[in-house]
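Read left to right, the sequence shown gives residues -29 to -1, 1 to 671 (mature numbering (1 follows the signal peptide of the UniProt record, and there is no 0)).
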Amino acid sequence: AWSSSCPSPALLTFLSTLELLQMDNASSAWNFDEETLRLRAEFLLLVQDLIDLVSECDGEWGNCRSVLDRVLELGVKRLRVDADGENEIDGIGSGNGNAATVVEEAEFTSLRKLILEHARVFDALCVNVHRQIRHWESEDSGEGSEELEEEDVKVLRGIQRTVQVVHLDAMRESLESGDAEGAVSHIRFLHFDYGIEEQSEYRIVLKDLLKVVLSRSEKIGDTRNQLLQIYSEAISSNCSDIVQMLQSIHDELLSEEIEMDRVQTENFIPHPLVRLQRYLEEVKSGKNSDDKALFLNEVIRYCKTDMYHYARVSGLHVLECIMDTALSAVKREQLDVAGNVLQLFPLLQPLVATMGWDFLAGKIAARRKLMQLLWTSKSQVIRLEESSPYGNKTDEMTCVEHLCDTLCYQLDLASFVACVNSGQPWNSKFSLMLSGKEQLEFRDEDTYSDPFVENFVLERLSVQSPLRVLFDVVPGIKFQEAIDLISMQPIASTVEARKRKQDIELMHMRYALESTVLALGAMERSVSGEVETHQDLPLFHLKDLQNHLDAISNLPRKILMVNVIISMLHMDNISVNLMHCGLPGSNFKLSNAWSSEDSCSTGSERGNKMVISFTGLLLDILRHNIPSSMIELENTLDDGVSTTSRQALEWRISISKRFIEEWEWRLSILQHLLPLSERQWRWKEALTVLRAAPSKLLNL
């Protein structure tokens, strides 16, 4: 009886063989090497294990035991030592021995159920047989033993072939019943070198399996997971040919699918992108709200993998496929589709936005939605620094990103002009530059904008500067609105920052002149009795004038403005269209002398005091904006200013100083020539005195 530690002769043989192989010249008693000895002993052990499994379930396996016993007898015969070169078993001659161990291949079919239930044992048996056959093919042996060995190899190949046929049949049955997972479980036991010469048998079954997997599920991730399982099983088979065949079949099926979609679909979109679009629509509508739903980043990762295979089979680049699909969607004005597609590669969004801009010519609403979906401005609201506008290299913008900012800015300007033209208020929350994707809901374009006006402004902006267009189409624009819009202009370099600073200074010069005209006009109306209210309005305008002049940092421009204002004081009947001019926005407090005026003063006295205060304040503003000395002028000017320019500035400064001194002298005379208390000075009368020649003033 065998002990529990060694329950069978096969195990004893295998253990003895392992011990024997530790000695020198272990296989000297046999006519084959040590590796062959180990493989034959292992073969005997595996067959004995199968016999033991059958013995445990008597009556269920039919004649499996009979077949396995004869296979075991074959294994024992191949381990027997025969000094005469022949194998004998228990006194039976070689001929009878061979007849006793011959097993027809058809008899192996009775092992089908056993093969399926104990596939791993049979797989190990097939691997052992494969190694034995390779050793036999590589050895040179005698003709007599070779003939006997061929008979044994024929039986061994029959075992391998039967195992392969059983697994292929099982895969077909699983596919017919719709059990793709069951079919996948058999792939690890397939091998091209296990007896089936026609590889087409493998190809047919594997192709049917891939067809089922690729067509069965439309949910993102399912197909990929099943394909990973298939390839994992194929790699476990230790047969690289199986993996290569799967890849070839997979590419073939993908190619057929692509060609079919191209023929059947007018506006072709790659199938992975179609699934992505469908998933995002379901998420948006709330249909795909299950806790098991994939996160967006996982969906994008799966879609990228599918797009890689699509591009590889199509012979295209992945980015080329994405760009073609996105631009085609923009042409059809399916902007949501383009935005969904570009979620795979967000860095392509500004490129598609700029290229798609031309596809939407004349379509303001579509252009606005395009920029809102695909671009979020990186520009700061105001960049007036002389240094580089980007302190951090990661903040640097590409030319395409800067172009996107410019297009958004042009849309904002066009929207502002349309609102002003239609009498509607414009709010910065409608700005693409300031809000970007944070503006979740689009406003009603029919109510707040005029496509004709906006297209007209965009055409002008394509050839002219924003400053020129803004003041041409909205000549009465308020200063705060103008400064806000110009400050929003995107800049991408130090040169552009300097240009914008110059534009803002030009705006201050323009509004300084406007404040001067408004102050002179308001002064004339207030002291003439035409206006009963806003008696301090001229002083408010002078305060705005002072603020605008202080904002001008360029000294030659300041001197120019002072000379222009002096020239305006010599002009009569200066007027401006007051339709677009409201009260100044500055919080100006009157001087102590003016604000502490006695409440019991008569109207004529207040008017005369106003003439004196207004003129004195205007002269103080002019004096404040010219250099007090030539040394201050030299320190302020740049070294690049030519000598001729310096002389011209000195000449203008001297003229301005002389004018201020003369008017201060005339103002002192005017104070001594105040009319009777019952009558106040008119502004024109005061100007007559201020402009009079010294000889006439002396006569007075």
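Positions of the beta carbon are idealized from the N, C-alpha and C atoms, including for glycine.
C-alpha gap between His221 and Leu139, whole angstroms: Locating residue 221 in the sequence shown gives position 250, counting from the first residue. Locating residue 139 in the sequence shown gives position 168, counting from the first residue. Distance from the CA atom of His221 to the CA atom of Leu139, rounded to whole angstroms, is 19 Å.
As assigned by DSSP and simplified to three states, the class of Cys292: The residue labelled residue 292 in the question sits at position 321 within the sequence shown. Under the three-state reduction of DSSP output, Cys292 falls in the helix class.
Boundaries of the alpha helix (DSSP H) in which Leu641 is found, first to last residue: In the sequence shown, the residue the question calls residue 641 occupies position 670. First-last of the alpha helix (DSSP H) with Leu641: Thr614 to His643.
Start-to-end residues for the alpha helix (DSSP H) that takes in Asp521: Here residue 521 refers to the residue found at position 550 of the sequence shown. Residues Leu508 to Asp521.
Asp277 classed as buried or exposed, judged by whether at least 16 other C-beta atoms fall within 10 angstroms: As a working mapping, residue 277 is identified with position 306 in the sequence shown. By the C-beta density criterion, Asp277 is buried, having at least 16 other C-beta atoms within 10 angstroms.
Range covered by the alpha helix (DSSP H) that runs through Gly46: Indexing the sequence shown from 1 puts residue 46 at position 75. In the DSSP assignment, Gly46 falls within the unbroken alpha helix (DSSP H) covering Cys35 to Lys48.
Contact under 7 Å by Cβ, Ile213 with Val137: Residue mapping note: residue 213 aligns to position 242 of the sequence shown, counting from 1. Residue mapping note: residue 137 aligns to position 166 of the sequence shown, counting from 1. No, Cβ-Cβ distance for Ile213 and Val137 is not below 7 Å.
Touching by the beta-carbon criterion (3+ pairs, under 8 Å), the region 455 to 472 and the region 365 to 385: Contact annotation: the region 455 to 472 touches the region 365 to 385, with at least three C-beta pairs closer than 8 Å.
N-terminal and C-terminal residue of the alpha helix (DSSP H) that Met670 is part of: Position 699 of the sequence shown, counted from the start, is the residue given in the question as residue 670. Met is not the amino acid found at residue 670; the sequence shown has Asn there. In the DSSP assignment, Asn670 falls within the unbroken alpha helix (DSSP H) covering Pro665 to Asn670.
Beta-carbon spacing of Leu306, Leu344 below 7 Å: The residue labelled residue 306 in the question sits at position 335 within the sequence shown. The residue labelled residue 344 in the question sits at position 373 within the sequence shown. It is a contact, given that the beta carbons lie within the stated cut-off.
Alpha-carbon to alpha-carbon, Glu425 and Glu503: By one-based count along the sequence shown, residue 503 stands at place 532. By one-based count along the sequence shown, residue 425 stands at place 454. Caution is warranted here: a pLDDT of 48 is assigned to Glu503, below 50, making its placement in the model unreliable, and the coordinate value is therefore given only provisionally. Spanning the two alpha carbons is a distance of roughly 42 Å.
Status (buried if at least 16 other CB within 10 Å, exposed otherwise) for Trp654: Against the sequence shown, residue 654 aligns to sequence position 683. Buried, because 16 or more other Cβ atoms sit within 10 Å of the Cβ of Trp654.
Distance between Glu223 and Ala297 (C-alpha atoms, nearest Å): Numbered from 1 along the sequence shown, position 326 holds the residue referred to as residue 297. Numbered from 1 along the sequence shown, position 252 holds the residue referred to as residue 223. So the two alpha carbons sit approximately 26 Å from each other.
C-alpha gap between Asn196 and Arg283, whole angstroms: Walking along the sequence shown from the start, residue 196 turns up at place 225. Walking along the sequence shown from the start, residue 283 turns up at place 312. Their Cα atoms are separated by approximately 20 Å.
For Cys370 and His162, the rounded distance between their alpha carbons: Here residue 162 refers to the residue found at position 191 when the sequence shown is read from its first residue. Here residue 370 refers to the residue found at position 399 when the sequence shown is read from its first residue. Taking the straight line from one Cα to the other gives about 57 Å.
Status (buried if at least 16 other CB within 10 Å, exposed otherwise) for Asp4: The count along the sequence shown starts at 1 and reaches residue 4 at position 33. By the neighbour-count rule (16 or more Cβ atoms within 10 Å), Asp4 is not buried but exposed.
Proximal residues to Val134 (C-beta, below 6 Å), its chain only, five neighbours per side dropped: The residue labelled residue 134 in the question sits at position 163 within the sequence shown. Excluding five sequence positions before and after Val134, the CB atoms of its chain that fall closer than 6 Å to its own CB belong to Ile86, Phe93 and Cys97, given in chain order.
Integer Cβ distance of Leu520 from Ala490, believed to fall under 8 Å: Taking the first residue of the sequence shown as position 1, residue 520 is located at position 549. Taking the first residue of the sequence shown as position 1, residue 490 is located at position 519. About 13 Å separates the beta carbons of Leu520 and Ala490, which is beyond the 8 Å limit, so they are not a contact pair.
Residue range of the unbroken alpha helix (DSSP H) whose run includes Cys375: Numbered from its first residue, the sequence shown carries residue 375 at position 404. That run of the alpha helix (DSSP H) goes Cys370 to Ser393.
Integer Cβ distance of Leu456 from Leu441, believed to fall under 8 Å: Within the sequence shown, residue 456 is the residue found at index 485, counting from 1. Within the sequence shown, residue 441 is the residue found at index 470, counting from 1. Correct: roughly 6 Å between the Cβ atoms.
Option nearest Val270 by Cα separation, candidates Lys255, Arg246, Asp543 and Arg187: Indexing the sequence shown from 1 puts residue 270 at position 299. Check the Cα spacing between Val270 and each of Lys255, Arg246, Asp543 and Arg187: the tightest is with Arg246.
For Gly66, the three-state DSSP class (helix, strand or coil): Taking the sequence shown and counting its residues from 1, the one referred to as residue 66 is at position 95. Its pLDDT being 41, under 50, Gly66 is placed unreliably in this model, and the value from its coordinates should be taken loosely. The three-state secondary structure of Gly66, taken from DSSP, is helix.
Counted within 10 angstroms of its Cβ, other Cβ atoms place Met231 as buried (16 or more) or exposed: Here residue 231 corresponds to residue number 260 of the sequence shown, with the count starting at 1. Per the 10 Å Cβ criterion, exposed.
Cβ separation of Glu39 and Val18, assumed to be a contact under 8 Å, to the nearest whole Å: Sequence index remark: in the sequence shown, residue 39 carries index 68 (1-based). Sequence index remark: in the sequence shown, residue 18 carries index 47 (1-based). The residue asked about is misnamed: residue 39 is Leu in this sequence, not Glu. Contact flag correct, Cβ pair sits at about 6 Å.
Three-state secondary structure assigned by DSSP to Tyr279: On the sequence shown, position 308 is the one that residue 279 refers to. In the structure shown, Tyr279 sits in a helix (DSSP, three-state: H, G or I).
CB of Lys529 within 7 Å of CB of Ile523, strictly: One-based indexing of the sequence shown puts residue 529 at position 558. One-based indexing of the sequence shown puts residue 523 at position 552. Result yes, Cβ atoms of Lys529 and Ile523 sit closer than 7 Å.
Beta-carbon gap between Val533 and Leu593 smaller than 7 Å: Position 562 of the sequence shown, counted from the start, is the residue given in the question as residue 533. Position 622 of the sequence shown, counted from the start, is the residue given in the question as residue 593. The criterion of a C-beta distance shorter than 7 Å is satisfied by Val533 and Leu593.
Exposure of Phe585, with buried meaning 16 or more beta-carbon neighbours within 10 Å: For the purposes of this step, residue 585 is taken as residue 614 along the sequence shown, with counting starting at 1. Phe585 counts as buried, since no fewer than 16 other beta carbons sit within 10 angstroms of its beta carbon.
Ile191: first and last residue of the uninterrupted alpha helix (DSSP H) it sits in: As a first step, residue 191 must be located in the sequence shown, where it is residue number 220. Neither: Ile191 is in no alpha helix (DSSP H) and is coded neither H nor E.
Distance, Leu540 Cα to Thr418 Cα: Along the sequence shown, read from residue 1 onward, the residue named residue 418 stands at position 447. Along the sequence shown, read from residue 1 onward, the residue named residue 540 stands at position 569. In this prediction, Thr418 scores a pLDDT of 48, lower than 50, which makes its location untrustworthy; the coordinate-derived value is nonetheless stated afterwards. Approximately 46 Å, taken between the alpha carbons.
Rounded Cβ spacing between Leu217 and Tyr281 (contact assumed at less than 8 Å): Stepping through the sequence shown from its first residue, residue 217 is reached at position 246. Stepping through the sequence shown from its first residue, residue 281 is reached at position 310. Between the beta-carbon of Leu217 and that of Tyr281 there is about 17 Å, and that puts the pair past the 8 Å contact cut.
Same chain only: Cβ atoms within 6 Å of Ser562, ignoring 5 sequence neighbours per side: Against the sequence shown, residue 562 aligns to sequence position 591. Confidence in Ser562 is poor, its pLDDT being 43 and thus under 50, which makes the residue's placement unreliable; the coordinate value appears in the next sentence. For Ser562, where only same-chain residues beyond five positions count, there are no Cβ hits under 6 Å.
Extent of the continuous alpha helix (DSSP H) run through Tyr165: Indexing the sequence shown from 1 puts residue 165 at position 194. Counting along the chain, no alpha helix (DSSP H) covers Tyr165, and no H or E run does either.
Contacts around Tyr279, its chain only, beta-carbon distance under 7 Å, and the 5 residues preceding and following it disregarded: Taking the sequence shown and counting its residues from 1, the one referred to as residue 279 is at position 308. Contacts found: Val289.
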